[in-house]
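Structure record follows, encoded as structure tokens.
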Amino acid sequence: MPSNFHEPRSIYKRWPDEDLRLQREVIEKYESGVKLWTKQKLLAMEEMLAGASDRVHTSVYAGQGTFQFEKERGCPYRIEFHGYQELGFPSALRSNGLPYSSMTVGIRRLYDGRVAENLHTQNEMFARVEYAWNSNPIGVHFHTTFMRLPFPPYINKIVCIGLGNFVLRADFKRDPNMQLSLYRHLAVLAAVEVLYSRFGRQIQILAQDVNYSPDCAAFLFKKGFSIVGPYGAGGLAEIDDKTFVFSPNPDFCAKEVVADIARPAAMLWKQILTPEESERQTRFDKPTGFGDQIAAYWKCVTPMPTLPLCLVLPCPAVLSLMICMLTTVYMQL
């Protein structure tokens, strides 16, 4: 009878000496304060992917030489980010020989081609969803919480990272991911309203998501959003000390990038894990077998808090606001 157990080599890995040397170099450079990203490098990668040249290159963080990539015409690319944890303490799934670079190039998810309704119908659908948001206890709680938070009065823009794509069409309600994306954008508009009502400043909205479809980008533009960084880096380079970073669930190590390049006035993020919690979440919930009779499992069960938690962390020259909505519904914002 064949075994259903995974072999240990599929979970654990004995790294070659060269990889171990490079991982040590990553740790030493990072601990000494050498940054993984700069705004100049972010903009350079964005421009190379947008430009006519077939070649993309950037310096590696550990080792010699550069990361180089040859583009193929018509292929939808995006920038992939690799943070300290991934480079210094990589997963066993990482292939040998990959460059120890903080940025590489990957393939962007293809837009599925769904077309939005006409603009009048889109506006009607948006108005209905906006009314539902504003009248729902979640939207009310979001608004009242933001009215109480000690935001710096000098914020003049919101940079949104990875809020998701949506297309306003007849089957919109049958796609929870699109609904979630729209509610996130509505939360940004609510934040703009709060900041303007409290401090009287006009707030610029910049949004970056490599998965925005043309219809979504066009509709957001009509609602006051400027779409930036189509390859995944340009929006990050817009962050400065007067920026409110709004990114409740990024699909890359956005917090690490922001920490290297800027000291934003405020940030909204998902739950912040302690090192112990983070370590538990990286364990494999898969069996490791020794033959067919003995198996070892990692099993991590994390209790779900039942109340919203708002954590305010004052720092020198910056107030970082980590707003963690931790009930099942709040996690979707």
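Those letters in the sequence shown? Residues 1 to 333, by UniProt numbering.
The beta carbon of each residue, even a glycine, is placed where N, CA and C say it ideally should be.
Bridge-paired residues (DSSP) for residue i
i, result
"residue 62", "100"
"residue 106", "78"
"residue 68", "57"
"residue 160", "207 and 246"
"residue 267", "245"
Beta-carbon contacts of residue i that lie in its chain and below 6 Å, excluding the five residues immediately before and after
i, result
"residue 208", "161, 228, 229 and 235"
"residue 68", "57"
"residue 35", "260"
Contacting residues, own chain, Cβ-Cβ under 8 Å from residue i (five flanking each side not counted)
i, result
"residue 155", "195, 199, 201, 203, 242, 243, 244, 265 and 266"
"residue 251", "162"
CA nearest to the CA of residue i, picked from the options
i, options, result
"residue 249", "175, 120, 85 and 181", "181"
"residue 158", "239, 39 and 165", "239"
"residue 103", "25, 169, 269 and 42", "42"
"residue 153", "197, 122 and 216", "197"
"residue 246", "222, 186, 223 and 211", "186"
"residue 40", "151, 213 and 233", "233"
"residue 190", "144, 220 and 119", "144"
"residue 77", "92, 91 and 45", "45"
"residue 29", "205, 169 and 83", "83"
"residue 105", "128, 215 and 81", "81"
"residue 338", "85, 255 and 107", "No answer is possible for residue 338: it lies beyond the span of the chain, which begins at 1 and ends at 333."
"residue 75", "254, 262 and 231", "231"
First and last residue of the uninterrupted alpha helix (DSSP H) at residue i
i, result
"residue 13", "Segment: none, residue 13 is in no alpha helix (DSSP H) and carries neither H nor E."
"residue 119", "119–135"
"residue 154", "Element bounds for residue 154: n/a, residue is neither H nor E."
"residue 259", "254–261"
"residue 46", "39–50"
"residue 87", "84–88"
Residues of its chain near residue i, where Cβ-Cβ distance is below 7 Å and the 5 sequence neighbours each way are ignored
i, result
"residue 100", "22, 26, 60, 61, 62, 63 and 87"
"residue 96", "16 and 19"
"residue 13", "92"
- Item | Completely contained beta strand (DSSP E) runs for the stretch 193–235, where each covers 3 or more residues | 204–208 and 225–227
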